[in-house]
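Engineer: In the working numbering, the protein residues as written are 21 to 280.
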């Protein structure tokens, strides 16, 4: 694999202990950290769920936990740097709660935005517009697993092309862990230029691991330039730098018996 893909930046990971549906204990978080390093990950944005039906993980709380966890990793000589972030669930009152929202970057030019898995709410475009007025670009988390986007990929196309949003595909989606349908859709979004970054969305070692090396291998099979491009995009997002979007076409719809 291309040497440029070493030292992965993972912008979506539930590695903090006992804070959401990710790692349940500190011991599990340490094992996740070791697994990340083994998979080539060097930097992780810790993104616990925020403002969904189950979790309210406030920014200051996350920063404190990240600092404490980083101290543990340093003491154990685990070569991994953790940054504080959130996976912010879409809701109609998001704009009024921005003071409690952490960005992907420290200046909050980008936020990781999660949609409901089963649908795209009709107020999403208004929220994206409101965020843009605040100088914030949402990065849509795992659109390849959203039922309505799967059924109508133009929903993602319009978000990226017409509204300036970005999108993040999950490593295990590219690798096939969510099934052939999601894998096909993930690759189709990559080929169409609709996703700009890959991240693990790792939760637990047993069933929601990193798989970043495998995902970058899948990118390389599509185009040898993609691993370096996606790797650079992850760093740019973390640093609050502009990410170039190159959408080439409207993605195809998934067909069960599609042959070409």
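Glycine included, each C-beta is placed from N, C-alpha and C at the ideal position.
Is residue 239 buried or exposed, if buried means 16 or more other CB atoms sit within 10 Å of its CB?
Structural biologist: Looking up residue 239 in the chain shown gives position 219. Result: buried.
Engineer: Fully enclosed by the region 139–213, which alpha helix (DSSP H) runs are 4 residues long or longer?
Structural biologist: For the region 139–213, whole alpha helix (DSSP H) runs of length 4 or above, ordered along the chain, are 144–153, 167–171, 174–181, 191–195, 200–212.
Engineer: Measure the Cβ-Cβ separation of residue 156 and residue 115 and say whether it is below 7 Å.
Structural biologist: Counting from 1 along the chain shown, the entry for residue 156 is found at position 136. Counting from 1 along the chain shown, the entry for residue 115 is found at position 95. Contact: no.
Engineer: On a CA-only basis, which of 36, 146, 243, 53 is nearest residue 104? Give me that one, please.
Structural biologist: Here residue 104 corresponds to residue number 84 of the chain shown, with the count starting at 1. The shortest C-alpha separation from residue 104 is found at 36.
Engineer: Can you look up residue 104 in the DSSP assignment and give me helix, strand or coil?
Structural biologist: The count along the chain shown starts at 1 and reaches residue 104 at position 84. If DSSP states are grouped into helix, strand and coil, residue 104 belongs with the strands.
Engineer: Round the Cβ separation of residue 263 and residue 188 to the nearest angstrom and send it over; I've been treating them as touching at under 8 Å.
Structural biologist: Your numbering for residue 263 matches position 243 in the chain shown. Your numbering for residue 188 matches position 168 in the chain shown. At roughly 11 Å, the Cβ-Cβ gap does not stay under 8 Å, so residue 263 and residue 188 are not in contact.
Engineer: Pick from 46, 58, 64, 270: whose alpha carbon is nearest that of residue 172?
Structural biologist: As a position in the chain shown, residue 172 is number 152, starting the count at 1. Checking every option, the nearest Cα to that of residue 172 belongs to 270.
Engineer: Could you please give the first and the last residue of the uninterrupted alpha helix (DSSP H) stretch that includes residue 51?
Structural biologist: Position 31 of the chain shown, counted from the start, is the residue given in the question as residue 51. Per DSSP, residue 51 belongs to the alpha helix (DSSP H) from 46–58.
Engineer: Using a Cβ-Cβ cut-off of 8 Å (strictly less than) and excluding sequence neighbours within five positions of residue 195, which residues of its own chain qualify?
Structural biologist: Numbered from 1 along the chain shown, position 175 holds the residue referred to as residue 195. For residue 195, where only same-chain residues beyond five positions count, the Cβ hits under 8 Å are 203, 231, 234, 235, 238.
Engineer: Can you check whether the CB of residue 107 is closer than 7 Å to the CB of residue 134?
Structural biologist: Within the chain shown, the letter at position 114 stands for residue 134. Within the chain shown, the letter at position 87 stands for residue 107. Cβ atoms of residue 134 and residue 107: closer than 7 Å.
Engineer: With respect to the alpha helix (DSSP H) encompassing residue 137, which residues constitute its N-terminal and C-terminal limits?
Structural biologist: Within the chain shown, residue 137 is the residue found at index 117, counting from 1. Taken as a continuous stretch (DSSP letters only), residue 137 belongs to no alpha helix (DSSP H), as it is neither H nor E.
Engineer: Would you mind sorting residue 149 into buried or exposed? The rule is 16 or more other CB atoms within 10 Å of its CB.
Structural biologist: Along the chain shown, read from residue 1 onward, the residue named residue 149 stands at position 129. Under this definition residue 149 is an exposed residue.
Engineer: Assuming residue 64 contacts residue 100 (C-beta within less than 8 Å), just tell me the rounded distance between them.
Structural biologist: Stepping through the chain shown from its first residue, residue 64 is reached at position 44. Stepping through the chain shown from its first residue, residue 100 is reached at position 80. Residue 64 to residue 100, Cβ: 6 Å. Contact.
Engineer: Which class does residue 40 belong to by DSSP, given the choice of helix, strand or coil?
Structural biologist: Against the chain shown, residue 40 aligns to sequence position 20. Residue 40: coil per DSSP, three-state reduction.
Engineer: Residue 59: buried (16+ other C-beta within 10 angstroms of its C-beta) or exposed?
Structural biologist: Start at 1 with the first residue of the chain shown, and residue 59 comes out as number 39. Residue 59 should be labelled buried.
Engineer: Within the 7 Å Cβ cut-off, does residue 30 reach chain B?
Structural biologist: Included in the structure is just one protein chain, with no chain B present.
Engineer: Grouping DSSP H, G and I as helix and E and B as strand, with all else coil, what is residue 82?
Structural biologist: Numbered from 1 along the chain shown, position 62 holds the residue referred to as residue 82. It is helical.
Engineer: Under the rule that 16 or more other beta-carbon atoms within 10 Å means buried, what is residue 33, buried or exposed?
Structural biologist: As a first step, residue 33 must be located in the chain shown, where it is residue number 13. Buried: at least 16 other Cβ atoms inside 10 Å.
Engineer: Once you ignore the five residues that flank residue 70 on each side, which residues in its own chain have a CB closer than 6 Å to its CB?
Structural biologist: Start at 1 with the first residue of the chain shown, and residue 70 comes out as number 50. Closer than 6 Å at Cβ, skipping near neighbours: 77, 106, 108.
Engineer: On the three-state DSSP scale, how would you describe residue 92?
Structural biologist: In the chain shown, counting from the first residue as 1, residue 92 sits at position 72. Three-state result, residue 92: helix.
Engineer: In the structure shown, what three-state DSSP assignment does residue 250 receive?
Structural biologist: Here residue 250 corresponds to residue number 230 of the chain shown, with the count starting at 1. The answer is helix: DSSP assigns residue 250 an H, G or I state.
Engineer: I'd like to confirm the pairing. Which residues does DSSP put opposite residue 29 in its beta bridges?
Structural biologist: Counting from one through the chain shown, the residue named residue 29 turns up at place 9. Answer is 63.
Engineer: With 16 other CB atoms within 10 Å as the buried threshold, where does residue 167 fall?
Structural biologist: Here residue 167 refers to the residue found at position 147 of the chain shown. Result: exposed.
Engineer: Hey, out of 86, 257, 62, 273, whose CA is closest to residue 186's CA?
Structural biologist: Numbered from 1 along the chain shown, position 166 holds the residue referred to as residue 186. Looking at the Cα atoms, 257 is the closest of the given residues.
Engineer: Residue 130 bridges to which residues according to DSSP?
Structural biologist: Within the chain shown, numbered from 1, the residue matching residue 130 stands at position 110. Answer by DSSP bridge pairing, in chain order: 157.
Engineer: By Cβ distance, which residues of its chain are closer than 8 Å to residue 267, with the 5 residues on each side in sequence left out?
Structural biologist: Looking up residue 267 in the chain shown gives position 247. For residue 267, where only same-chain residues beyond five positions count, the Cβ hits under 8 Å are 177, 180, 181, 212, 213, 214.
Engineer: Please report how far the alpha carbon of residue 126 lies from the alpha carbon of residue 200, in whole angstroms.
Structural biologist: Mapped onto the chain shown, residue 126 falls at position 106. Mapped onto the chain shown, residue 200 falls at position 180. Going from the Cα of residue 126 to the Cα of residue 200 covers about 36 Å.
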